[in-house]
Amino acid sequence: MSHPKATCRSSVERYADALVSLSRSIHAEPELAYREHRSAAKVADLAEREGFQVERGVAGLDTAFTATFGSGDLVVGLCAEYDALPEVGHACGHNIIAAASAGAALALRDVADDLGVTVKLVGTPAEESGGGKVQLLEHGVFDGVGLAMMVHPAPYEAVASPSLAIVDLEVEYTGRASHAAAAPQLGVNAADALTIAQVAIGLARQHLEPKQMVHGIVTHGGAAPNIVPATAAGQFYLRAVDHESLQRLVDRIEGCFTAGAVGTGCTHEVRQISAEYTELAPDPWLASAYREAVTELGRVPISHEDELLRLTGSTDMGNVTRALPGIHPSIAIDCGDAVNHQPEFAAACATPSGDRAVLDGALALAWTAVAAATDPTQRERLLAGVGHRVARAGGAA
C-alpha cells in the first residue's frame with residue numbers, strides 16, 4: 080500500500096488539468112457576492128462527478144454547497160471561496176482558492192478510507208462582502224468538522240498571518256431638498272453632513288489605536304448640482320486587531336457620524352450591513368504541519384515573526400478559526416509589484432504561476448490533513464474538540 084502522501088500527490092497530478100481548467104474558468108467569469116451561481120456550480124459539479132455527495136443551497140444560501148465523501152470519524156473541512164470583486168474581478172484570487180480546495184478534497188478522497196476521515200468540501204460564498212462563512216457557521220454547516228482549511232494567493236508565502244476584525248457600516252443622512260440657487264436657505268444638505276463625518280473621521284485617525292483602520296466611499300451624494308441633496312449615504316469598513324478594539328472604534332466612528340447630523344440639522348441612521356468578521360486564530364499545530372508540507376514542495380514561507388509585522392486584510396475565515404481548529408495560509412504567485420485587489424494581481428491569478436499555486440496549494444492542504452489524521456495525539460485532540468463543541472451547543476440549547 081502506498082503512503083497516503085504519495086497517493087495524494089498522484090491524485091493531484093492526475094487531476095491537474097481539471098483543476099487548472101476549473102481555476103481558469105472561474106477567473107474568466109467573475110461573479111459578485113451571493114451571485115456566484117456559475118462558479119459554485121462549476122466546483123460542485125466537479126465534486127459530484129467524482130463521487131461526492133453534494134447538497135446545494137445549504138444554509139439558505141443559493142450559492143453555497145457541501146460536497147462530502149467518506150465515513151470516517153474525523154471530518155476534514157476544505158473551504159472553497161469563489162466570489163469576485165467589483166470592477167477588478169478575481170483580484171483576490173478566489174479562483175485559485177476554489178480550485179485548490181477542490182484538489183485537496185479529491186486527493187483526500189483517495190485516502191479517506193485508509194485515514195478514517197470524511198472529506199467535506201464547503202462552497203463558501205460572499206467572502207469579499209457579506210460573510211458567507213458566518214452564515215454557514217450559524218446554520219451548523221461546520222458542526223462535526225474537526226479541522227477547516229483553505230489557502231489564499233498572495234505576493235508572498237505565509238503560514239499563520241494574522242488578520243483584522245472588521246465590520247461594515249452604512250450611514251444615511253436625511254435633510255431637505257430645495258433649489259440650490261433660488262432658495263438654498265430652505266434646504267438641509269445631507270451631502271454636507273456626510274462631508275462633515277468624513278472630515279471628523281480623517282481628524283480622528285491621528286488618535287486611533289494601533290491597527291485600527293477606517294476606509295469608506297460615498298454611495299450617494301445627491302441627484303443634481305442645482306438640488307440641495309435631501310439624502311446622502313456612505314459605506315465604511317472599520318478594522319481593528321480584535322473584537323474589543325473594533326467595538327471601541329465603532330463607538331468613535333459613530334460619534335463622527337453623529338457630528339455630521341448635528342452640524343447640518345440632518346437626521347441620520349447607521350446600519351451594519353454584513354456580519355462582523357473576527358480576527359484569524361490559526362491553529363499552531365496545523366500551521367506547523369502546513370509549513371512543513373509547503374516547504375517540502377519547494378516553497379519558502381516567511382518567518383512567523385515577519386508574518387506578524389505585515390499589514391493584512393480581513394476574512395470571514397477568522398470566524399471559522401475562532402469556532403474550530405483551522406488555518407488560512409497564503410501561497411505566493413508571481414505578480415510583480417502588484418498586491419491583492421489590484422487589476423494586475425487579477426491578471427496574475429490566471430497565469431502558469433497561479434496554476435502552480437492551485438496544485439501546490441491542493442497538495443499542501445491534503446498533506447496537512449494526512450499529518451493530522453495519522454498523528455494519534457492530534458487526531459484525539461481534534462475529535463475531542465468536536466465533542467466539546469457539541470456538548471456546549473447542547474447545553475446552550
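In terms of the working numbering, the sequence shown opens at residue 80 and continues consecutively.
Glycine included, each C-beta is placed from N, C-alpha and C at the ideal position.
Are there 16 or more other CB atoms within 10 angstroms of the CB of Arg64, so buried, or fewer, so exposed? Any question about residue 64 goes unanswered here, given that the chain covers just 80 to 476.
Does Asp162 come within less than 8 Å of chain C when only Cβ atoms are used? No chain C is present in this structure, which holds just one protein chain.
Taking DSSP's pairing of strands, which residues face Tyr356 in a bridge? The sequence position of residue 356 within the sequence shown is 277, counting from 1. Bridge partners of Tyr356: Ile245.
Pairing CB atoms from the stretch 393-402 with CB atoms from the stretch 446-462, are three or more of them under 8 Å? no
Residues of its chain near Ala269, where Cβ-Cβ distance is below 7 Å and the 5 sequence neighbours each way are ignored: Within the sequence shown, numbered from 1, the residue matching residue 269 stands at position 190. Closer than 7 Å at the Cβ level, and outside the excluded window around Ala269, lie Tyr252, Thr253, Gly254, Pro308, Ala309, Thr310, Ala311 and Cys345.
Would you identify the three-state DSSP class for His420, choosing helix, strand or coil? Within the sequence shown, residue 420 is the residue found at index 341, counting from 1. Correct three-state label for His420: coil.
How many Å lie between Leu153 and Glu348 at the Cα? Counted from its first residue, the sequence shown places residue 153 at position 74. Counted from its first residue, the sequence shown places residue 348 at position 269. Leu153 and Glu348: Cα-Cα distance of roughly 47 Å.
What's the C-alpha gap between His116 and Gly209? If you number the sequence shown from 1, residue 116 lands on position 37. If you number the sequence shown from 1, residue 209 lands on position 130. About 16 Å.
Are the beta-carbon atoms belonging to Val122 and Leu101 less than 8 Å from one another? As a first step, residue 122 is located in the sequence shown; it is residue number 43 there, counting from the start. As a first step, residue 101 is located in the sequence shown; it is residue number 22 there, counting from the start. In contact: Val122 and Leu101 (Cβ atoms closer than 8 Å).
Opposing strand residues paired with Met396 [DSSP bridges]: As a first step, residue 396 must be located in the sequence shown, where it is residue number 317. By DSSP's assignment, Met396 forms no beta bridge with any residue.
Do Ala112 and Asp162 have their CB atoms nearer than 8 Å? On the sequence shown, residue 112 is found 33 positions in, with the first residue counted as 1. On the sequence shown, residue 162 is found 83 positions in, with the first residue counted as 1. Contact: yes.
Could you tell me if Met80 is buried or exposed, where buried requires 16 or more neighbouring beta carbons within 10 angstroms of its beta carbon? The residue labelled residue 80 in the question sits at position 1 within the sequence shown. Only weak support is given to the placement of Met80: the predicted model assigns it a pLDDT of 43, under 50, and the value that follows is read from those uncertain coordinates. Exposed, since its Cβ has fewer than 16 Cβ neighbours within 10 Å.
By DSSP, does Ile381 sit in helix, in strand, or in coil? The residue given as residue 381 occupies position 302 in the sequence shown. DSSP places Ile381 in coil when its eight states are reduced to three.
Which whole-angstrom value describes the C-beta separation of Ala244 and Glu333, a residue pair presumed to lie in contact below a C-beta threshold of 8 Å? Indexing the sequence shown from 1 puts residue 244 at position 165. Indexing the sequence shown from 1 puts residue 333 at position 254. Rounded, the Cβ-Cβ distance is 16 Å, inconsistent with contact.
Cα-Cα, which of Val190, Ser382 and Gln214 is closest to Val201? The residue given as residue 201 occupies position 122 in the sequence shown. Answer by Cα proximity: Gln214.
Enclosing alpha helix (DSSP H) for Lys199 [first to last residue]: For the purposes of this step, residue 199 is taken as the residue at position 120 of the sequence shown. From DSSP, Lys199 is part of no alpha helix (DSSP H) but of the beta strand (DSSP E) over Val196 to Thr203.
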